[in-house]
Every structure is written in C-alpha cells, then in structure tokens.
Amino acid sequence: MRVEARIFDLVTAFAFFIAIVYGVTTYYWSGFGVEPVGLVALILTGGLSFIAGSYLRFVARRIEARPEDREDAEISDGAGELGFFSPGSYWPIALAGSAATAGLALAFFHIWLLVIAVVLLLITVGGLVFEYHTGPNHE
C-alpha cells in the first residue's frame, strides 16, 4: 500500500502547487482578481487526494509488506490467487446501467427518475453482493 500512498502524495503535491500557480496567474493576468471556481476545484482535488493517500498510508502500517512494497521482491513472490472473480455474472452490467440512470436523473434533475434509479441501485448492489450466498449449511 505504500506505493499507492506515494502516488496519492504526488497528486496532492501537484494539485496544491498548481492551485498556487493558478491563483497567482489569474490574479495578475485576468484583471478581475483570482478566479475562484478553478482555485477551489484544485484545492478540493488536493484535499481529496490527501485523504485517500492518508488512508492508504494508515492501512499500510497495519498490514505486512506486500511484494509490491519490498525492494528485494521477486516476480514469483506475487504469484498465486488474487481473489475470486465471477466469470459469468450479469450484475455488474445491471449496476452500471442503474448508476448511469442515476447520473442522468441528477443531470436533468428528475426526482422521480432518481428515486427509481436509487431503488435499482440498491437492488443491483444487493444482487452483486449476495450472488453466491447460499445461506447456512444445514446437514
């Protein structure tokens, strides 16, 4: 997780540096003072990146070092199973469709469509999470 935290640290530093540059250049070149929307967007981008990097750094201290985090790691250290990925699940497609519907409802501010999309999102997230749940094993 340390590699990922470093990437977010770089993004944080870049966003804050560009926010300073953006604020100074718009102040001197625009003739109307600092342009607030772009400056706030860059500061919020840096803040969000800082939060994500801090979380990854926090998690990295609590788990053992992965092969990606060690300098002396070999390629074979990362071999093995990475997890279970469902080969024939249609739930991700339904989830993407319901998220797109929610995005359209927000973009056009149709509350009735947003309610439908939220219900569809809850159904598809539940379907994806419980796809392979078989219940308690009774013998």
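Under our numbering, residues -18 to 120 are what the sequence shown spells out, in order. Ideal Cβ placement from N, Cα and C applies to all residues, glycine included.
- Between Ala83 and Val99, the gap from beta carbon to beta carbon is short of 9 Å.
- Closest by C-alpha distance to Tyr8, out of Ala88, Leu20, Ser35, is Leu20.
- Annotated as distal: Gly28 and Asp(-10), with beta-carbon spacing of 9 Å or more.
- Distance from the CA of His91 to the CA of Ser79, rounded to the nearest whole angstrom, comes to 15 Å.
- Relative to the Cα of Glu112, the nearest Cα in the group Phe89, Leu87, Asp50, Phe66 belongs to Phe66.
- With a beta-carbon spacing of about 5 Å, Asp50 and Arg(-17) fall inside the 8 Å limit used to define contacts.
- A Cβ-Cβ contact shorter than 9 Å links Gly59 with Arg47.
- For Ala(-14), the uninterrupted alpha helix (DSSP H) segment begins and ends at -17 to 10.
- Here the C-alpha atom of Ile1 lies approximately 28 Å from the C-alpha atom of Phe39.
- For Leu101, the secondary structure class from DSSP, reduced to helix, strand or coil, is helix.
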